[in-house]
Amino acid sequence: GQQLNQSPQSMFIQEGEDVSMNCTSSSIFNTWLWYKQDPGEGPVLLIALYKAGELTSNGRLTAQFGITRKDSFLNISASIPSDVGIYFCATMDSNYQLIWGAGTKLIIKP
Amino acid sequence: NAGVTQTPKFQVLKTGQSMTLQCAQDMNHEYMSWYRQDPGMGLRLIHYSVGAGITDQGEVPNGYNVSRSTTEDFPLRLLSAAPSQTSVYFCASSYSRGGKLFFGSGTQLSVL
Numbered sequence: 001g002q003q004l005n006q007s008p009q010s011m012f013i014q015e016g017e018d019v020s021m022n023c024t025s026s027s028i029f030n031t032w033l034w035y036k037q038d039p040g041e042g043p044v045l046l047i048a049l050y051k052a053g054e055l056t057s058n059g060r061l062t063a064q065f066g067i068t069r070k071d072s073f074l075n076i077s078a079s080i081p082s083d084v085g086i087y088f089c090a091t092m093d094s095n096y097q098l099i100w101g102a103g104t105k106l107i108i109k110p
Numbered sequence: 001n002a003g004v005t006q007t008p009k010f011q012v013l014k015t016g017q018s019m020t021l022q023c024a025q026d027m028n029h030e031y032m033s034w035y036r037q038d039p040g041m042g043l044r045l046i047h048y049s050v051g052a053g054i055t056d057q058g059e060v061p062n063g064y065n066v067s068r069s070t071t072e073d074f075p076l077r078l079l080s081a082a083p084s085q086t087s088v089y090f091c092a093s094s095y096s097r098g099g100k101l102f103f104g105s106g107t108q109l110s111v112l
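Protein chains in written order, with this note's numbering: chain E, 1 to 110; chain V, 1 to 112.
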């Protein structure tokens with residue numbers, strides 16, 4: 001099936017650092033979604049993107065829908081301890097089913 | 001509102017046993033789905049339903065059954081558990097297919 005390549009797989013950062021992660025595909029999509037999963041919980045939608053080139057912010061989070069419609073990135077500014085978790089990108093196929101990346105695990109060094 | 005409620009939170013089974021994972025939502029969502037999450041593999045769709053009485057297979061349906069007799073409930077049945085079914089299972093719902101998904105907090109299943 002279709003796959004999304006999400007990188008990096010994991011990140012060790014210091015509190016206060018900025019974070020950047022991305023997601024790429026070999027196919028064109030019309031929707032990009034970013035979810036966060038806290039430990040022991042289900043994923044929660046952070047940002048949804050519906051238009052090529054769209055840049056959307058949600059607090060310290062900013063996500064962009066790539067111009068080629070084959071990629072998206074998520075930035076987190078000035079990371080804090082509650083940012084730890086797994087960040088998933090996802091997109092939607094022609095049947096409105098979600099296709100998921102494998103996730104980026106964010107760990108904050110003490 | 002409780003949102004999407006999954007039970008149990010943890011379960012250990014022996015190979016060959018059967019069990020049902022429960023999922024209920026109180027948001028009057030038409031669309032409900034089951035995913036499994038394995039390390040390094042993201043989320044994979046098992047089964048989904050677009051309304052009461054309608055179910056369909058996802059990416060990895062083998063070994064699992066579902067039914068949707070009411071809008072609120074969407075149980076997932078394992079008829080004969082296998083070690084390959086050790087995973088974390090998530091139920092999710094949305095107002096409609098393609099809408100914003102709301103997830104339950106998951107069931108961690110181990111099959112020995």
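All C-beta atoms in this analysis are idealised placements derived from N, C-alpha and C, irrespective of residue type, glycine included.
Query	Result
Of the listed residues G16(E), M92(E) and P8(E), nearest to S77(E) (C-alpha basis)	G16(E)
Bounding residues of the beta strand (DSSP E) (the contiguous stretch that carries I13(E))	S10 to Q14
Beta carbon proximity, P39(E) to chain V, threshold 8 angstroms	no
Backbone CA spacing between Q64(E) and K51(E) [nearest angstrom]	9 angstroms
Element boundaries [beta strand (DSSP E), containing Q97(E)]	From DSSP, Q97(E) is part of no beta strand (DSSP E); its letter is neither H nor E.
3-residue-minimum beta strand (DSSP E) runs that sit fully inside the segment 16-81 of chain V, ordered along the chain	19-25, 31-37, 43-51, 54-57, 64-66 and 76-78
CB contact check: M97(V) to chain E, cutoff 8 angstroms	Here the sequence assigns Arg to residue 97(V), which means Met is not the residue at that position. So yes, R97(V) belongs to the interface.
Per-residue burial, I99(E) [other beta carbons within 10 Å of its own, 16 or more giving buried]	buried
Length of the line joining the Cα atoms of L106(E) and R60(E)	15 angstroms
Residues in the segment 47-76 of chain E having any Cβ partner in chain V nearer than 9 angstroms	A48
Sequence-distant residues of the same chain with beta carbon closer than 8 angstroms to I13(E), five excluded per side	V19, S79, L106, I107, I108 and K109
Per-residue burial, P43(E) [other beta carbons within 10 Å of its own, 16 or more giving buried]	buried
For D71(E), the three-state DSSP class (helix, strand or coil)	strand
Against chain V: residues of the segment 98-109 of chain E by CB proximity under 8 angstroms	L98, W100, G101, A102 and G103
K14(V) at chain E interface by Cβ criterion, 8 angstroms	no
Test: G85(E) CB closer than 8 angstroms to a CB of chain V	no
Best match in G42(V), Q17(V) and A2(V) for proximity to C23(E) [C-alpha to C-alpha]	G42(V)
Close Cβ partners of V60(V) (< 6 angstroms) along its chain, the five nearest in sequence each way excluded	R44 and I46
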